[in-house]
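As numbered in the UniProt record's numbering, the sequence shown has no gaps in its residue numbers, which increase by one up to the final residue, 148.
Cβ coordinates follow ideal geometry from the N, Cα and C atoms, glycine included.
Note that the structure is predicted; figures quoted are calculated from it, not measured.
To start, the structure itself, in structure tokens.
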Amino acid sequence: MSAKPLQPTAVIDWDVFDQLARETSQQTAVAFAATFIELLPHRLSMLANAVQTEHHEDALVALFSIQSGALMLGMLRLAAATETLLTELRVSPSRWAAVRGLAGTSLTSGLDEIVAVLDAGLTAQTQPGNQLGNQTKPTADAPGEEKQ
Numbered sequence: 001m002s003a004k005p006l007q008p009t010a011v012i013d014w015d016v017f018d019q020l021a022r023e024t025s026q027q028t029a030v031a032f033a034a035t036f037i038e039l040l041p042h043r044l045s046m047l048a049n050a051v052q053t054e055h056h057e058d059a060l061v062a063l064f065s066i067q068s069g070a071l072m073l074g075m076l077r078l079a080a081a082t083e084t085l086l087t088e089l090r091v092s093p094s095r096w097a098a099v100r101g102l103a104g105t106s107l108t109s110g111l112d113e114i115v116a117v118l119d120a121g122l123t124a125q126t127q128p129g130n131q132l133g134n135q136t137k138p139t140a141d142a143p144g145e146e147k148q
């Protein structure tokens, strides 16, 4: 029996981010998020190069790097997209055409939205007087969907 794939509606799950901030510190969580966003274009470039050259190990390294950071920050859509690609590479490592198509669309679509929502949320997190857990955070639901 296979596990049910993640099908998140929120761009960012702020509860996950808040947990990271509680486990480390708010400053560390914000710095981690900033570094993740700063490194994301390089990681996507590494993935694109690995897919283009059909280098299985490099593709896995890039995907795991993106996925682990996305999960730590609550970027569940991005984590789900990387999981789809990882599954494709595990099941059929020779199906590079399918991976190329998925990598080109599933990872890059919505990145601007992720960055905008994260930036707005981090700005709210770092305002004087804001406390974790009781803040008003930007809504990060998919258009037409409500967070449950």
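Does the beta-carbon distance from residue i to residue j come in below 7 Å?
i	j	result
residue 70	residue 60	no
residue 50	residue 62	yes
residue 114	residue 74	no
residue 96	residue 54	yes
Would you mind sorting residue i into buried or exposed? The rule is 16 or more other CB atoms within 10 Å of its CB.
i	result
residue 131	Only weak support exists for where residue 131 lies, its pLDDT of 47 falling under 50; the value from the coordinates is given anyway. Residue 131 is exposed by the Cβ-count criterion.
residue 36	buried
residue 1	In this prediction, residue 1 scores a pLDDT of 38, lower than 50, which makes its location untrustworthy; the coordinate-derived value is nonetheless stated afterwards. The residue in question, residue 1, is exposed, as its Cβ has fewer than 16 Cβ neighbours within 10 Å.
residue 52	exposed
residue 17	buried
residue 34	exposed
residue 116	exposed
Mind checking which residues open and close the alpha helix (DSSP H) that includes residue i?
i	result
residue 61	56 to 73
residue 30	26 to 52
residue 80	76 to 91
residue 100	96 to 102
residue 21	14 to 23
Below 8 Å on the Cβ atoms is my guess for residue i versus residue j; work out the distance and round it to an integer in Å.
i	j	result
residue 121	residue 14	6 Å
residue 98	residue 88	6 Å
residue 48	residue 103	7 Å
residue 10	residue 76	7 Å
Three CB pairs or more closer than 8 Å across the region 16 to 30 and the region 39 to 59: no
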